[in-house]
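In what follows, a structure is listed as structure tokens, so that the remarks can point back to it.
There are 2 protein chains.
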Amino acid sequence: MVTRERPTLEAVARRAGVSRATVSRVVNGSTSVAASIREAVTRAVDELGYVPNQAARSLVTQRTESIALILPETANRVFSDDLFFPAIIRGVGVELEAADKQLVLMMAGSLKSHGRVERYAVAGHVDGVMFASMHGEDPLPGTLASLGIPVICSGRPLSLPNLRGTQVPYVDVDHFGGVCAAVRHLVAAGRRRIATIAGPQDMVAGIDRLAGYQATLDEAGLAQHVALGDFTRESGIQAMRTLLADDPKLDAVFVASDMMAHGALIALKDAGRRVPSDVAVIGFDDFEISRYSDPPLTTVRQPIADMGRTMARQLLRLINGEHGLPDAVVLPTELVVRESA
Amino acid sequence: MVTRERPTLEAVARRAGVSRATVSRVVNGSTSVAASIREAVTRAVDELGYVPNQAARSLVTQRTESIALILPETANRVFSDDLFFPAIIRGVGVELEAADKQLVLMMAGSLKSHGRVERYAVAGHVDGVMFASMHGEDPLPGTLASLGIPVICSGRPLSLPNLRGTQVPYVDVDHFGGVCAAVRHLVAAGRRRIATIAGPQDMVAGIDRLAGYQATLDEAGLAQHVALGDFTRESGIQAMRTLLADDPKLDAVFVASDMMAHGALIALKDAGRRVPSDVAVIGFDDFEISRYSDPPLTTVRQPIADMGRTMARQLLRLINGEHGLPDAVVLPTELVVRESA
DNA sequence: AACCTCAACTTAACCGGTTAATCATAGGGG
DNA sequence: CCCCTATGATTAACCGGTTAAGTTGAGGTT
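Taken in sequence, the protein lines are chains A and V. Oh and the first sequence: position 306 is 306 in the UniProt record's numbering, straight run, nothing missing. Oh and the second sequence: position 91 is 91 in the UniProt record's numbering, straight run, nothing missing.
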């Protein structure tokens, strides 16, 4: 294993018979270098296989060309996270690759890791930080932002008001609108006893989706039946059983996540109900598995990868010091009608 | 947005009334610093909120304290990748966090991105590189290794022999053993017409699993029926139909991935076969969804997160210059018996 | 008291780039 | 013919750490 010495600017300069500064200019594509010299330098670079040392470069430029993505590694991580984060990562990755930035992934659940993340960002190891759907009210984004570090969140952060004036910009999807479309679809189909399985009320996704359900039922003048779940399939099963016990004659249920919706389908089948004839079911997410459930699930599609891309784009702008960026970007959701409703 | 000046070593030194070198020693936990001085420095560090500048540090130490994980962003990415990579990432993340290293994620599919990855690694931006299950014969791991960069692969790399003597170490699971256990289970249950849906033959997972099937059937003196899939559910459906058409009386099928196994279940139901009474089905992966399929899937569990952890551990050792590391670590697989076989 | 040792600190060189300030040279204007 | 100005290169300072080499002084020897 030969740890071959890597050529430095100096070496290239000597070989090309010019100064370090000139080589630096050529490498960074500066104008005002004579064509002949430029060509000589380029040749030397190729011959030696020169690659700039990023550490040296960032030391002086104060830029690292990399971005951190923080994933919440919470105690109660749920399976659907494993369907959500890859899509986010993919979206982010595409956009960063185009901008030739690197993606640094960090998990942050414990307080200890919070410190780690903060120190890391503050140490100037990254040019900006993205947070993927935090649970609860996490102070970290605000803290970093108030330290002058470019930050963006996926999912509207909870408790925005009192962050000492530091508004953390975010990208989210239109939970509310999507749910309204879903519930109206149920109403329009003549359903009148429409229940919901809501998500955890410490997450925006949980809160907003429940709000959408409530608003639409109010609008239609129908009674509400709410059960709570935590986005897991198992909790969907439990919640569905509870709802059936409370109101055996319910004829539809809007479920705040696909994973819970699958749980609901299982519970309904166990209870001898047919979907959609007895009970209509609509989920939220449009994960791939929902195309293959029994019956295929009608659901609200959220553009997850797009969220990742948008986050990355916004953050890059922030880093470039662009002004007048929106505090919030809300991407549209869309009702995908299959067979369950 | 106040981009507050970060304090430097110099500032801390002035405040504590000592030299930069002394502060550096304290920060790095060197011995041979008087307790009183150490305490004064620590206080200054706290008061100023000093955090070392990583760029400056790596410039001299030639270490970045970060590790790259390369994911293949192939044209035909399949859904099961989204179940596989998060687990790998989680495993890797846990191990790196414990070692206080950072994880840099890179996608590498196109040739262009190959160059990007190579340049990045060569630029000394990371201390080592991990490759997650590459498709086909990818020269990149070998290239980097021969450049003296610590490298490790998840999944035995194809075409090892001719890499100019550079053997790339890897971590893999015991595909062969797992499949043997699965197929023997079928044989022991009295199944005699055992088909298989194999994975793509340009991936070790595809190749080894087919080999396991073939070896076990040889051993049992049974005839082989092979159909090929590409690890997608859709291809599982197709392959199962083909197998049924070829041999309507088959009584078992080993499927090389859970996702394809679900496809097979769908196709079998469509064809009016009951599982497991008519046809037994065994998959490979043990993804969470397989606990909830209809019927719950008997499958071979592979410890994916463990693979990530092991990869990270091995790579860290490699980076630390430990000798006598095994070229290969093969983790055990385990048959999980549910209801489909 | 002079000398040596050794622990603990400081000095200064260095890592590999960027870039402001400086300098050389050729061309144009008076 | 001389001076001034561009143009394009070089010089050198700097980024913020680490660490080898050098300095200082307290304590132990003889």
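By construction, the Cβ of each residue, glycine as well, lies at the ideal position given by its N, Cα and C atoms. Here the structure is a predicted model, which is why all the values come from computation and not from measurement.
- Residue-level contact by beta carbon holds for A/R119 and chain V, with a gap shorter than 8 Å.
- By alpha-carbon distance to A/D230, the top candidate from A/V26, A/L222 and A/M240 is A/M240.
- Contact between the region 209-229 of chain A and the region 182-197 of chain A is present: 3 or more CB-CB pairs across the two stretches fall below 8 Å.
- Residues of chain A whose Cβ lies closer than 7 Å to the Cβ of V/H125 are, in chain order, Q54.
- Check the Cα spacing between A/P200 and each of A/L9, A/L228 and A/V173: the tightest is with A/L228.
- A straight line joining the alpha-carbon of A/T8 with that of A/N320 spans about 29 Å.
- Flagged as an interface residue toward chain A: V/Q102, by a C-beta distance shorter than 8 Å.
- Residue pairing by DSSP puts A/Y170 in a beta bridge opposite A/C153 and A/A328.
- For V/F231, no alpha helix (DSSP H) encloses it, and the DSSP letter there is neither H nor E.
- A distance below 6 Å between beta-carbons, with the five flanking residues on each side excluded, links A/P169 to the following residues of its chain, in chain order: I152 and D327.
- Remark: C-beta atoms of A/G124 and A/Q62 approach each other more closely than 8 Å.
- The continuous stretches of beta strand (DSSP E) do not include V/F85, which lies in the alpha helix (DSSP H) extending over residues D81 to A98.
- Where A/S146 is concerned, the enclosing alpha helix (DSSP H) starts and stops at L140 to S146.
- For the pair of segments examined, the region 334-341 of chain V was found to touch the region 291-301 of chain V: the number of CB pairs separated by less than 8 Å reaches three.
- Exposure of V/V60 is indicated by the presence of fewer than 16 other C-beta atoms within 10 angstroms of its C-beta.
- A/Q54: member of the alpha helix (DSSP H) spanning Q54 to T61, first to last residue.
- With contact defined as three or more Cβ pairs closer than 8 Å, the region 246-260 of chain A and the region 195-210 of chain A are in contact.
- Against chain A, a Cβ distance below 9 Å from V/G93 picks out L71, E73, L105, M106 and M107.
- For a Cβ distance threshold of 7 Å, residue set R119, V122 and A123 of chain A lies close to V/V51, ordered along the chain.
- Under the 8 Å criterion on CB atoms, V/P86 is classed as interfacial with respect to chain A.
- The three-state secondary structure of V/G283, taken from DSSP, is strand.
- For V/A264, the enclosing alpha helix (DSSP H) stretches over residues D258 to D270.
- Legend: CB atoms of the region 297-315 of chain A lying less than 9 Å from CB atoms of chain V are not found in any residue.
- Of the residues V/P150, V/S133, V/L83 and V/P139, the one whose Cα lies closest to the Cα of V/E322 is V/P150.
- A Cβ-Cβ distance of about 5 Å is found for the pair V/A99 and V/L316, placing them in contact under the 8 Å criterion.
- Look at V/E97: its C-beta is under 8 Å from a C-beta on chain A.
- Taking a Cβ-Cβ cut-off of 7 Å, the neighbours of V/L83 in chain A comprise D82, given in sequence order.
- With a beta-carbon spacing of about 7 Å, A/M130 and A/I67 fall inside the 8 Å limit used to define contacts.
- Residues of chain V with a Cβ closer than 8 Å to the Cβ of A/L186 do not exist; the shortest Cβ-Cβ separation is about 25 Å.
- Counting every other CB atom within 10 Å of its CB across the protein chains shown gives A/N53 a total of 16 or more, marking it as buried.
- Here V/L105 is near A/L103, since their CB atoms are less than 8 Å apart.
- A distance of 8 Å or more separates the beta carbons of A/V173 and A/Q314.
- When Cβ-Cβ separations below 8 Å define contact, A/L59 makes contact with chain V.
- Taking the Cα of A/P157 as reference, the smallest distance to any Cα among A/T143, A/V122 and A/L147 is reached at A/T143.
- Boundaries of the beta strand (DSSP E) around V/G128: G128 to A132.
- Inclusion of A/D306 and A/G91 in the CB contact set at 8 Å is warranted, their separation being smaller than that value.
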